[in-house]
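When we follow the working numbering, the leftmost residue of the sequence shown carries the number 389, and every step to the right adds one.
Beta carbons are placed, not taken as given, at the ideal position from N, Cα and C, and that holds for glycine.
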Amino acid sequence: MNYRCSECGTAYPIEEPVWRCDCGCFLVVESRGIQSEEIVTGRPGSIWRYRKTLGLPENMRPVSMGEGNTPFVSRQIDGNEVHFKLDFLQPSGSFKDRGASVLVSLLRHIGVKKVIEDSSGNAGAALSAYAAAAGIEATIYVPEYTPEGKVVQMRMYGSKVVKVPGQRQDANVAALKAA
């Protein structure tokens, strides 16, 4: 499993604590994809049932709070059956908990002690919750208009929250400078 640069294609081992390519572009994680039902059959009902397909280190201990496996409900809207995933039932109340669980698990595995994130709400809440569960210090940069409930939630998990004047992109720039 590797990170691969989205621009030049350079590969980095997943265990290497990098967040950008040497060329300055973003990295994406190469995953193996689901190869058969056997991979998930009989596994727990969480994101970790897909562990083999994620290509993560075998000896990595997941940071999990029971995320995933949220119910679907179906409704008829204008004669069409529409399905809704109830991700507000995730541990932090955010649909981003699955990704935060995987990310923070890998960060802890490779020895990361501090993390910086920019968010306008859900990602910051999820990352704050999972970083706290893993004992990782988190600083979240948010635009000044971020709902106060999300800011309080991040702080309750122990994250330092930095409000940035301006728009969402300004919080991103501030987080990148701080990193």
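Meets three-Cβ-pair contact criterion under 8 Å: the segment 438-451 and the segment 483-492: yes
Looking at Gly509 and Ser572, is the spacing between their C-beta atoms short of 9 Å? Past the edges of the chain, shown from 389 to 567, lies residue 572, and the structure says nothing about it.
Going by Cα to Cα distance, which pick from Tyr400, Cys396, Pro401, Glu404 is closest to Cys411? Cys396
Contiguous beta strand (DSSP E) assignments of at least 3 residues, all confined to the segment 456-530: 460-465, 468-473, 502-506
Using only CA atoms, which one of Lys565, Glu532, Arg392, Val503 lies nearest to Pro553? Glu532
Straight-line CA distance for Ala521 to Ser547? 12 Å
Taking 9 Å as the cut-off, decide whether the C-beta atoms of Ile524 and Lys502 are in contact. yes
Return the first residue and the last residue of the alpha helix (DSSP H) that Ala399 is part of. Note, Ala399: premise wrong, no alpha helix (DSSP H); beta strand (DSSP E) at 399-401.
Closest to Pro445 by C-alpha separation, out of Val539, Asn390, Val549, would be which residue? When each option's Cα is compared against that of Pro445, the closest is Asn390.
Let me know the alpha helix (DSSP H) ranges lying completely inside the segment 530-554, each 4 residues or longer, listed in chain order. 536-544
Compare the beta carbon distance of Ile402 and Gly467 with 9 Å and say whether it is the shorter of the two. no
Identify, in the order they occur along the chain, each residue of the same chain with its Cβ nearer than 6 Å to the Cβ of Ser472, setting aside the five sequence neighbours on each side. In the sequence under discussion, the amino acid at residue 472 is Phe, which differs from the Ser named in the question. So the qualifying residues of the chain are Val461.
If Ala563 and Gln541 are in contact, beta carbons under 8 Å, what's the gap, nearest whole angstrom? Not quite, the Cβ-Cβ distance comes to about 18 Å (not below 8 Å), so this is no contact.
Taking the alpha carbon of Glu404 as the point to measure from, which residue in Trp436, Gln478, His497 has its own alpha carbon closest? It is His497.
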